[in-house]
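Have a look at the structure below before the remarks.
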Amino acid sequence: MKVNPYLNFDGQAEEAFKFYKSVFGGEFTANMKMSDAPGTENLPSSEQSRTMHISLPLDGGTILMGSDIMPSAGHQLNKGNTNYISLHPKSKDEADRIFEGLSKGGEIEMPMADQFWGDYFGSFIDKYGIHWMINYNAEFN
1 MKVNPYLNFD
11 GQAEEAFKFY
21 KSVFGGEFTA
31 NMKMSDAPGT
41 ENLPSSEQSR
51 TMHISLPLDG
61 GTILMGSDIM
71 PSAGHQLNKG
81 NTNYISLHPK
91 SKDEADRIFE
101 GLSKGGEIEM
111 PMADQFWGDY
121 FGSFIDKYGI
131 HWMINYNAEF
141 N
């Protein structure tokens with residue numbers, strides 16, 4: 001089974017994904033706007049340029065995907081802590097690079113450090129309200 005995280009934003013999907021791309025590298029495999037879909041010509045102009053779907057392949061075959069909500073359809077974004085994206089880089093250096101890059105402008109919950117359970121771990125909320133965990137374990141790499 002393959003698991004791909006899907007993130008929702010309130011008009012910031014493309015901005016957030018450009019930020020994620022600056023950290024992870026790679027190229028978008030999709031970046032569609034609401035105006036690209038049939039039947040969306042009646043959307044408010046403020047929603048025409050919102051992201052319908054965007055995807056960024058990450059290392060290991062995982063694809064980070066996302067979209068913007070549509071307030072005119074009754075969508076409401078509630079930022080919360082019910083989901084984290086847990087990343088498992090292949091080295092401490094990569095863990096530090098990802099943590100440093102993604103946490104810029106965000107709120108660090110636990111700085112990267114060796115933990116009592118034997119892993120090198122840190123967690124934070126990025127500047128878009130997305131919760132992340134970075135976990136490196138030398139035994140599993």
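Numbering (my numbering), first residue to last: 1 to 141.
Backbone N, C-alpha and C fix where the C-beta goes; we use that ideal spot for every residue, glycine too.
A distance below 9 Å separates the beta carbons of I85 and I130. In the structure shown, the three-state DSSP call for K90 is coil.
Assigned with DSSP and collapsed to three states, P38 falls in coil, not helix or strand. Straight through space, the alpha carbons of G118 and T29 are spaced by roughly 36 Å.
Among the bridge pairs identified by DSSP, G66 is matched with L7, I54.
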